[in-house]
Amino acid sequence: MPELPEVETVRRAIAPVLEGRRIRAALVRGTGLRHPFPRDLGQSLTGRRVEGVMRRAKYLLAGIEGGATLLVHLGMSGTIRILPADGKAAGIAMGRHDHFALQMNDGSGIVLRDPRRFGQLDLLAPGAMETDPRLALLGPEPFDPEIDGQWLWTRIHRSRAGIKALLMDQRLIAGLGNIYALEALHLARIRPTRRGCRVSRAEATRLLEAVRHVLGEAIAAGGSSIRDHRRPDGALGYFQQTLRVYGRAGASCLRPGCTGTIRRTVQAGRSSFHCPACQR
DNA sequence: CGTACACCCTGGCCGC
DNA sequence: TGCGGCCAGGGTGTAC
56 MPELPEVETV RRAIAPVLEG RRIRAALVRG TGLRHPFPRD LGQSLTGRRV EGVMRRAKYL
116 LAGIEGGATL LVHLGMSGTI RILPADGKAA GIAMGRHDHF ALQMNDGSGI VLRDPRRFGQ
176 LDLLAPGAME TDPRLALLGP EPFDPEIDGQ WLWTRIHRSR AGIKALLMDQ RLIAGLGNIY
236 ALEALHLARI RPTRRGCRVS RAEATRLLEA VRHVLGEAIA AGGSSIRDHR RPDGALGYFQ
296 QTLRVYGRAG ASCLRPGCTG TIRRTVQAGR SSFHCPACQR
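Be aware that the first sequence starts at 56, since it is given in our numbering, and climbs by one per residue.
Take a look at the structure:
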């Protein structure tokens, strides 16, 4: 489910719940997700204050009093729901596929659910954020003002790999997944299969602008849907999106003036969508 | 080294 | 209803 906009939406929703509060209870169920949970997870968190909730690429990072960092990755199917402060200090109701919960000192909290268990939950020791390979090897954030179209071009113009695979490579730019890579390529009028070495400087500039446009739009939509469409169970993550190509095989291209039909193909075992008429 | 692919895991949906 | 097949927005290890 989650690419950068969804993770950022979750971050904004859980930050006010966690930040500045003390952890009353940390509940762990099962032995782990993609990796085993750290043995001392509950003990390390209980009684500590959460200092801030950050996002890097698709990782959620919660700063814990004392210098440790709680790392959460939602994988493909991870969601976080918010527990309201209802005054009851009773135990947290853990449903099917719930793996982790935090209850804060006011009774509010969060619960992590992840049916496919591709997600990650880890506790980084003080200082380990700089060295942990999951974070250290990430490329810049798409909105990093240090990067521009020229920067992107210099990183891709020697590559024979498809531009879609390059956009999804977290070491190049961090945060894009299958959906938004395809959306950006449609906006920039570039075929997903085009090799990196066949992308011009002007196209690279257009592409980075497209990446920023689709991500910004999605973050704005996520934010508004959270405000307007709070589900009864408080689950976060899924919301209506205005996707122009993803999942629209057989439908008309939405580019003004284009009469093409969206095609679905498979690249590296994953679905791709593009308009053969306006994407070259 | 860069690139391509299988794999991890469970649930939902569709057609028969 | 039941069942098989296919699909799913992630990262990573392995083989060329």
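The C-beta atom is built at its ideal place from N, Cα and C for all residues, glycine as well. Here the structure is a predicted model, which is why all the values come from computation and not from measurement.
To which residues of the same chain is residue i closer than 8 Å at the C-beta, ignoring the five residues directly before and after it?
{"i": "V269", "result": "Y235, E238, A239 and L242"}
{"i": "E74", "result": "V105, E106, G107 and V108"}
{"i": "L88", "result": "G130, H154, D169, R172, F173, G174, Q175 and L176"}
{"i": "M184", "result": "L116, T124 and L190"}
{"i": "R286", "result": "Here R286 scores only 44 on pLDDT, less than 50, and its place in the model should not be relied on; the value that follows carries that caveat. Same-chain partners within the cutoff: there are none."}
{"i": "T314", "result": "S307, C308 and A332"}
{"i": "R215", "result": "R250, G251 and C252"}
{"i": "D161", "result": "R76 and A140"}
{"i": "P188", "result": "none"}
{"i": "R335", "result": "R244, I245, R246 and R249"}
Hey, quick one: how far does the alpha helix (DSSP H) through residue i stretch, first residue to last?
{"i": "H241", "result": "N233 to L242"}
{"i": "R213", "result": "Looking at the DSSP string, R213 is not in any alpha helix (DSSP H), and its letter there is neither H nor E."}
{"i": "V62", "result": "L59 to L73"}
{"i": "L309", "result": "No alpha helix (DSSP H) contains L309, which DSSP labels as neither H nor E."}
When the Cα of residue i is compared with those of the options, which residue comes out closest?
{"i": "C217", "options": "V105, H152, G75 and S327", "result": "For the record, residue 217 in the displayed sequence is Gly; it is not Cys. Ranking the options by Cα distance to G217, first place goes to S327."}
{"i": "R253", "options": "R210, S163, P60 and R267", "result": "R210"}
{"i": "R79", "options": "A123, R172, S99 and A220", "result": "S99"}
{"i": "V321", "options": "S307, R261 and T248", "result": "T248"}
{"i": "V166", "options": "A304, V83 and I274", "result": "V83"}
{"i": "L192", "options": "A140, D224 and P200", "result": "D224"}
{"i": "A306", "options": "R318, G97 and E120", "result": "R318"}
{"i": "P139", "options": "R151, H152, A156 and G182", "result": "A156"}
{"i": "I119", "options": "H128, R136, L96 and A112", "result": "L96"}
{"i": "R67", "options": "A275, G302 and L207", "result": "A275"}
{"i": "V127", "options": "A259, L178, R299 and E58", "result": "L178"}
{"i": "E201", "options": "G312, I228 and K113", "result": "I228"}
{"i": "G271", "options": "I147, P197 and R261", "result": "P197"}
{"i": "R111", "options": "G194, G182, R103 and G122", "result": "G194"}
{"i": "G164", "options": "P93, A81, D203 and H90", "result": "A81"}
Suppose the cutoff is 6 Å on Cβ atoms and the five residues either side in sequence are ignored; what does the same chain contact list for residue i look like?
{"i": "G133", "result": "D169 and G174"}
{"i": "H284", "result": "Here the model assigns H284 a pLDDT of 38, short of 50, so the residue's position is not dependable, and the following value carries that caveat. Result list for H284: empty, nothing under 6 Å."}
{"i": "M149", "result": "R84"}
{"i": "C330", "result": "C308, G315 and I317"}
{"i": "L207", "result": "A259 and L263"}
Spell out the partners DSSP gives residue i in its beta bridges.
{"i": "H329", "result": "R318"}
{"i": "G217", "result": "R250"}
What residues in its chain sit with their C-beta under 7 Å from that of residue i, if we drop five residues either side in the sequence?
{"i": "E58", "result": "K113, G230, L231, G232, I234 and Y235"}
{"i": "Q205", "result": "R256"}
{"i": "D288", "result": "Note that D288 has pLDDT 48, beneath the 50 cutoff, so the model's placement of it is unreliable and the number below is only indicative. These residues qualify, in order along the chain: R136."}
{"i": "L221", "result": "I211, S214, L227 and G251"}
Jot down the residue ranges of each uninterrupted beta strand (DSSP E) in the region 77–135, minimum 3 residues, whole runs only, in chain order.
78–83, 105–111, 114–119 and 124–128
Which full runs of the beta strand (DSSP E) of 3+ residues lie inside the region 138–210, going along the chain?
153–159, 164–168 and 175–179
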